[in-house]
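Numbering (the numbering used here), first residue to last: 30 to 473.
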């Protein structure tokens, strides 16, 4: 099939590349000339394991192309994926201006039947707006080309996006058109050969499914973090509780790991957007409000543990921070707990040396320049370099290299053997045997 994907961010680039990998001809469109030139030279705007090799091979084979010109891409396509950003507005609602701008341009240049697919995370009713926008542009041109608008939400995990796309748990397709359904079934057939994972439903149902899925996962995280905080006050080890409840097949082990809060581009944004949708329909989403509030509080937990140990004035103290990305497997620092922790430490007068296996370049751009200029924040190229003369180490992201470090080397490098483990990577008794003052999340 000939496919056009508009937007070369995380969702668009993974989507387009994976479709090309299955033999389709894909053109990825973006208004950012620099991004397109970079992609044509093998420079990706995002980090995702394995994606750079897949982009390079499909580009070399001619199945994957990049351009800034949507009309040029449309000339050979009849399937258009909209995968542009939907950033949150001040009220938490998803901003559809970029989605509708693409719909407007599609309407201005459409010359035959097409399936327009909302791949971006959009609120319920967005497909209706996309449809109306295209219809208005066709009306201005005095033409009446048929088209269908489909909702096909993505369920990609950063760090495992290629695996998620190539071997999906499910593919949700929202459409009321038999013609569009047949095309989408053919398009995804190569990804679901072992058994049919396509789930067809109404357009609004599919739009809602995405928000409910992410909000449900965020709820599990916040609930478990709340239980961890309670366990800590009651002398209970939450890790034992986690294993005890996770063995129940109705609950499972996924997303019940206590920590210092969730971040990223999906969960915080989608919870806020669903809250806003509920309020727009005169419904108070009490659970969602609690999920969001708990997560915001959880991001401050490590700092609270630091001040309980060292006092509120951290002047003259130096901290090592392991992990800047919001999760392992990505360089994404959007809504990352590390940013909240760094801001609190620096405001209290501390100095920090930080390391992340992947997110160092992003950190240079995302974090305030004043922190670097003042000397309060330094980034280093090796995890052990961050430990020199540290009064404590704070683990924020559970990267694999952090899971089994050289504890003897850590003790030699640190000024004080203190560890605040924001992801419960270490065993408290083992850490104490190694001579560390150790604090986790909800650990006895």
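Just so you know, even glycine gets a beta-carbon here, dropped at the ideal spot from N, CA and C.
DSSP places residue 253 in the uninterrupted alpha helix (DSSP H) bounded by 232-263.
In the three-state reduction of the DSSP assignment, residue 153 falls in the coil class, being assigned neither a helical nor a strand state. Residue 300 has its alpha-carbon roughly 29 Å from the corresponding atom of residue 79.
Looking from the CA of residue 404, the closest CA among 176, 375, 391 belongs to 375. Of all C-beta pairs linking the segment 94-112 to the segment 31-42, three or more are shorter than 8 Å, placing the two stretches in contact. Counting along the chain, the unbroken beta strand (DSSP E) around residue 180 starts and ends at 176-180. In this structure, residue 200 keeps its C-beta atom at 8 Å or more from the C-beta atom of residue 235. The segment 262-276 makes no contact with the segment 301-312, as fewer than three CB pairs between them are under 8 Å. Boundaries of the alpha helix (DSSP H) harbouring residue 438: 436-442, taken from the DSSP string.
With contacts defined by Cβ atoms closer than 8 Å, residue 163 and residue 176 form a contacting pair. Looking at the backbone, the Cα of residue 146 and that of residue 254 are separated by about 37 Å. CA-CA distance, residue 180 to residue 110, rounds to 10 Å. Excluding sequence positions up to five before and after residue 297, its CB lies within less than 6 Å of the CB of 364, all in the same chain and listed in chain order.
If you look at residue 454, you'll find it isn't in any beta strand (DSSP E); DSSP assigns it neither H nor E. Note that the C-beta distance between residue 284 and residue 246 is below 8 Å.
A distance below 6 Å between beta-carbons, with the five flanking residues on each side excluded, links residue 142 to the following residues of its chain, in chain order: 175. When only Cα atoms are considered, residue 134 and residue 41 end up about 17 Å apart. With 16 or more other Cβ atoms inside 10 Å of its own Cβ, residue 347 counts as buried.
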